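Take the sequence shown: its letters are residues 55 to 192, numbered as in this note's numbering. Here's the structure we're looking at; comments come further down.
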Amino acid sequence: MPPFVLSSDPIPDATSPFGPGQGAEVRFLGIVRELETDRDISGIDYSAYLPMASRMLEQLIAQGGQDFGPHQVFIQHRLGFVAAAEPSILIFVRTKHSAEAFDLCRWYLKEIKTQVPIWKKPVFSPPPKITEADDQPD
55 MPPFVLSSDP
65 IPDATSPFGP
75 GQGAEVRFLG
85 IVRELETDRD
95 ISGIDYSAYL
105 PMASRMLEQL
115 IAQGGQDFGP
125 HQVFIQHRLG
135 FVAAAEPSIL
145 IFVRTKHSAE
155 AFDLCRWYLK
165 EIKTQVPIWK
175 KPVFSPPPKI
185 TEADDQPD
């Protein structure tokens, strides 16, 4: 399995066997919130420039190995429409110690949000329709 996936597929709830020396695993799921700038949304439409996003994710994973040492990482970011209350990103990291796993997971999330060309467009919920019956006094 590649260390990252950019796909419209739902994020699976899967695990794989631990390797030698792996003493900690941290999983982060980013969930689409139901509000964006205090407005109700039905979800977020994610898009990406795939060739560049893939190249940048490869570079981030290589940089993570250089800066943090050996670890296992898997990243999946959904593309297309993701409904509110569904996960849009999964990052899981396995390392020797728990502190490293938390630090790495936080680092990957920050770098993905600031460096990888993945864009989000909130899909706002339509305002409630007012009917004549709503305007009538009781």
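Don't be surprised by glycine CBs; every beta carbon is placed ideally from N, CA and C. As the structure is a prediction and not an experimental result, all values here were calculated from the model.
For residue i, the first and last residue of its enclosing alpha helix (DSSP H)
| i | result |
| --- | --- |
| Gln117 | Leu104 to Phe122 |
| Ser61 | Segment Phe58 to Ser61 is the beta strand (DSSP E) holding Ser61; no alpha helix (DSSP H) there. |
| Phe72 | No alpha helix (DSSP H) holds Phe72; DSSP gives it neither H nor E. |
Residue i to residue j span [Cα, whole Å]
| i | j | result |
| --- | --- | --- |
| Leu60 | Val170 | 11 angstroms |
| Ile166 | Leu111 | 8 angstroms |
| Asp92 | Asp157 | 30 angstroms |
| Ser96 | Gly134 | 13 angstroms |
| Leu161 | His151 | This sequence places Trp at residue 161; Leu is not what is there. One C-alpha to the other measures close to 16 angstroms. |
| Ala78 | Pro124 | 13 angstroms |
| Tyr103 | Gln76 | 34 angstroms |
| Pro182 | Ala139 | 21 angstroms |
| Gly119 | Pro66 | 25 angstroms |
| Pro74 | Ala153 | 18 angstroms |
| Ala116 | Pro105 | 17 angstroms |
Contact set for residue i: own chain, Cβ-Cβ below 7 angstroms, skip 5 residues either direction
| i | result |
| --- | --- |
| Cys159 | Val80, Phe82, Ile145 and Val147 |
| Ser62 | Arg132, Leu133 and Gly134 |
Residues near residue i in its chain [Cβ-Cβ closer than 6 angstroms; skip 5 each side]
| i | result |
| --- | --- |
| Trp173 | Ser101 |
| Pro195 | Past the edges of the chain, shown from 55 to 192, lies residue 195, and the structure says nothing about it. |
| Thr149 | Ala78, His125 and Ala155 |
| Ile129 | Phe58 and Ile145 |
Outcome for residue i when other beta-carbon atoms lying within 10 angstroms are tallied against a minimum of 16
| i | result |
| --- | --- |
| Leu89 | exposed |
| Ala155 | buried |
| Phe72 | exposed |
| Ile184 | exposed |
| Gln113 | exposed |
Cβ pair residue i, residue j closer than 8 angstroms
| i | j | result |
| --- | --- | --- |
| Gly84 | Ser142 | yes |
Beta strand (DSSP E) segment containing residue i, residue limits
| i | result |
| --- | --- |
| Ile172 | Ile172 to Phe178 |
| Ala137 | Gly134 to Ala137 |
| Thr91 | Counting along the chain, Thr91 falls outside any beta strand (DSSP E), and DSSP gives it neither H nor E. |
8 angstroms Cβ shell around residue i - same chain, five flanking residues per side excluded
| i | result |
| --- | --- |
| Ser108 | Phe58 and Leu60 |
| Ala137 | Val86, Ser96 and Gly97 |
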